[in-house]
Amino acid sequence: MKLLLNECLNRRIRMLDGQWQGIARASDGGIYFFAGSHRPDLGAPFFRYLPPPRGHGRVELLCDNISRVCGEDPARVPAQGKVHSDILEHQGGLYFATHLSDYSPEGRCAYTGAHLIRYDLAAGTFRDYGVIHPNYTNYSGIGLDRARGRIYFYVTPFADIPASDGPHMYVVDVDSGRKRDLGLIVPWTIRRNPPGHVIDHTDHTRGQSVPHLHVDTRGDCWFTIRDSGADEQGLWVVRGDSGRYERFPRALPGGATRWLSTQPLDDERALVLFSDGAYIFHPERFDGTPGAFTLLKKIDRDLGWSSLGLGGGR
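So the sequence shown is numbered by our numbering: it starts at 1 and just counts up by one.
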């Protein structure tokens with residue numbers, strides 16, 4: 001395979017140190033992606049790569065600081081330093097969620113909270129839906145209910161402060177901007193310091209993460225939770241009609257405790273990566289057991305934080 005591009009983004013903006021999830025190929029053929037850092041004062045920049053012939057293989061800087069789009073000054077409040085979520089396309093716009101970059105005790109407690117943002121592909125403009133849940137971050141699941149025009153938005157505490165009870169799921173109407181808190185999913189069971197004390201900066205406990213959501217044709221939103229204590233092989237769903245949570249223990253295949261990555265195959269099914277291989281998830285067949293997962297390919301290695309890319313039947 002011929003290498004077409006290898007560009008150092010630090011020549012554009014100094015002190016970037018990574019890229020997390022926030023990347024997608026849009027319907028206009030462009031590759032849209034964020035870079036980020038762990039600096040307290042550096043908001044995530046937004047880029048687009050236009051492959052030849054349209055873009056002549058150039059990387060364009062679309063926004064140098066997403067904190068500014070959020071109406072926040074990173075010199076005064078901790079930066080929106082990452083986009084750790086998937087980027088979802090719907091009706092000419094890209095939707096994504098922000099995430100904090102300052103993991104110090106002070107930064108976690110001063111963080112304003114994750115924003116939901118839309119980028120209009122044609123106009124090149126942003127719409128900020130605001131902070132979804134004060135002081136909570138998106139770590140990092142968002143899901144699109146395309147038929148009903150709404151976004152599922154997962155939030156979790158990132159600091160051990162008295163007001164933090166645990167992760168919540170929100171539903172945001174993309175037209176009106178109205179948001180609805182569906183309530184606490186599970187209590188935050190992984191606190192390591194006494195109540196009222198922030199997590200020490202050497203402690204890498206970072207909330208209960210839900211990296212990927214899958215939304216089916218009924219508007220039901222499926223997910224698994226990392227670091228959820230005794231949640232053995234638990235598969236969760238938010239019912240689209242009622243907004244109620246349901247949990248099914250021991251419902252994942254191969255003894256897995258969570259899925260690592262998902263990609264929709266169509267409006268119903270998803271390609272799901274577990275630690276032992278790739279499966280197809282059929283929500284319409286789900287009966288509370290692993291039977292709704294069809295093994296596609298066993299993979300004899302530890303996949304860790306692996307993710308999936310899907311295209312051209314591969």
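The C-beta atom is built at its ideal place from N, Cα and C for all residues, glycine as well.
Quick caveat: nothing in here was measured; it's all calculated off a predicted structure.
Residue i to residue j span [Cα, whole Å]
{"i": "Leu310", "j": "Tyr95", "result": "19 Å"}
{"i": "Leu184", "j": "Ile23", "result": "29 Å"}
{"i": "Leu5", "j": "Ile13", "result": "18 Å"}
{"i": "His133", "j": "Pro53", "result": "42 Å"}
{"i": "Leu260", "j": "Tyr119", "result": "27 Å"}
{"i": "Val83", "j": "Arg127", "result": "15 Å"}
{"i": "Gly254", "j": "Asp276", "result": "7 Å"}
{"i": "Thr294", "j": "Val272", "result": "10 Å"}
{"i": "Ala123", "j": "Asp175", "result": "17 Å"}
{"i": "Tyr103", "j": "Ile161", "result": "14 Å"}
{"i": "Gly243", "j": "Leu182", "result": "6 Å"}
{"i": "Met169", "j": "Ala159", "result": "18 Å"}
{"i": "Gly71", "j": "Gly219", "result": "32 Å"}
{"i": "Ser307", "j": "Ala110", "result": "31 Å"}
{"i": "Pro187", "j": "Gln208", "result": "10 Å"}
{"i": "Phe281", "j": "Asp267", "result": "12 Å"}
{"i": "Trp236", "j": "Arg226", "result": "12 Å"}
{"i": "Pro40", "j": "Tyr32", "result": "24 Å"}
{"i": "Gly240", "j": "His115", "result": "22 Å"}
{"i": "Pro78", "j": "Val69", "result": "14 Å"}
{"i": "Leu252", "j": "Thr224", "result": "9 Å"}
{"i": "Ala270", "j": "Phe248", "result": "18 Å"}
{"i": "Gln80", "j": "Val131", "result": "11 Å"}
Where residue i falls, given that 16 or more other Cβ within 10 Å makes a residue buried
{"i": "Leu61", "result": "exposed"}
{"i": "Thr137", "result": "buried"}
{"i": "Thr262", "result": "buried"}
{"i": "Met1", "result": "Note that Met1 has pLDDT 49, beneath the 50 cutoff, so the model's placement of it is unreliable and the number below is only indicative. Label assigned to Met1: exposed."}
{"i": "Lys297", "result": "exposed"}
{"i": "Asp165", "result": "exposed"}
{"i": "Arg178", "result": "exposed"}
{"i": "Asp86", "result": "buried"}
{"i": "Glu284", "result": "exposed"}
{"i": "Glu246", "result": "exposed"}
{"i": "Gly107", "result": "buried"}
{"i": "Arg58", "result": "exposed"}
{"i": "Arg150", "result": "buried"}
{"i": "Gln91", "result": "exposed"}
{"i": "His99", "result": "buried"}
{"i": "His56", "result": "exposed"}
{"i": "Ala75", "result": "exposed"}
{"i": "Gly234", "result": "buried"}
{"i": "Gly288", "result": "exposed"}
{"i": "Arg258", "result": "buried"}
{"i": "Ser67", "result": "buried"}
Span of the alpha helix (DSSP H), counted from its first residue to its last, around residue i
{"i": "Pro105", "result": "105–110"}
{"i": "Arg68", "result": "66–69"}
Which residues DSSP lists as bridging residue i, in chain order
{"i": "Ile87", "result": "In DSSP, Ile87 forms no bridge with anything."}
{"i": "Ala317", "result": "The structure shown has nothing for residue 317, since the chain only spans 1 to 314."}
{"i": "Trp236", "result": "Phe223, Arg247"}
{"i": "Ser140", "result": "Val210"}
{"i": "Ala97", "result": "Leu116"}
{"i": "Ile13", "result": "None, per the DSSP bridge assignment."}
{"i": "Val77", "result": "Val77 pairs with nothing; no bridge assigned."}
{"i": "Leu50", "result": "Arg58"}
{"i": "Asp145", "result": "Arg150"}
Start-to-end residues for the beta strand (DSSP E) that takes in residue i
{"i": "Gln21", "result": "Element bounds for Gln21: n/a, residue is neither H nor E."}
{"i": "Lys179", "result": "179–184"}
{"i": "Cys63", "result": "58–63"}
{"i": "Gly130", "result": "126–131"}
{"i": "Phe153", "result": "150–155"}
{"i": "Lys297", "result": "293–298"}
{"i": "Val320", "result": "Because the chain here runs from 1 to 314, residue 320 falls outside it and cannot be looked at."}
{"i": "Phe33", "result": "31–34"}
Residue i CB to nearest heavy atom of the ligand NAD below 8 Å
{"i": "Ala251", "result": "By its list of ligands, the structure shown contains no ligand whatsoever, and the ligand NAD lies outside what it can speak to."}
task = Please determine if the region 45–57 and the region 2–22 are in contact, where contact requires at least 3 C-beta pairs separated by less than 8 Å.
result = With the cut-off at 8 Å, the region 45–57 and the region 2–22 touch.
At least 3 beta-carbon pairs within less than 8 Å: the region 13–20 vs the region 31–39 = Segments in contact, yes.
Validate contact between the region 209–218 and the region 142–155 using beta carbons, cut 8 Å, 3 pairs = Yes, since at least three Cβ pairs between the region 209–218 and the region 142–155 fall closer than 8 Å, the two stretches touch.
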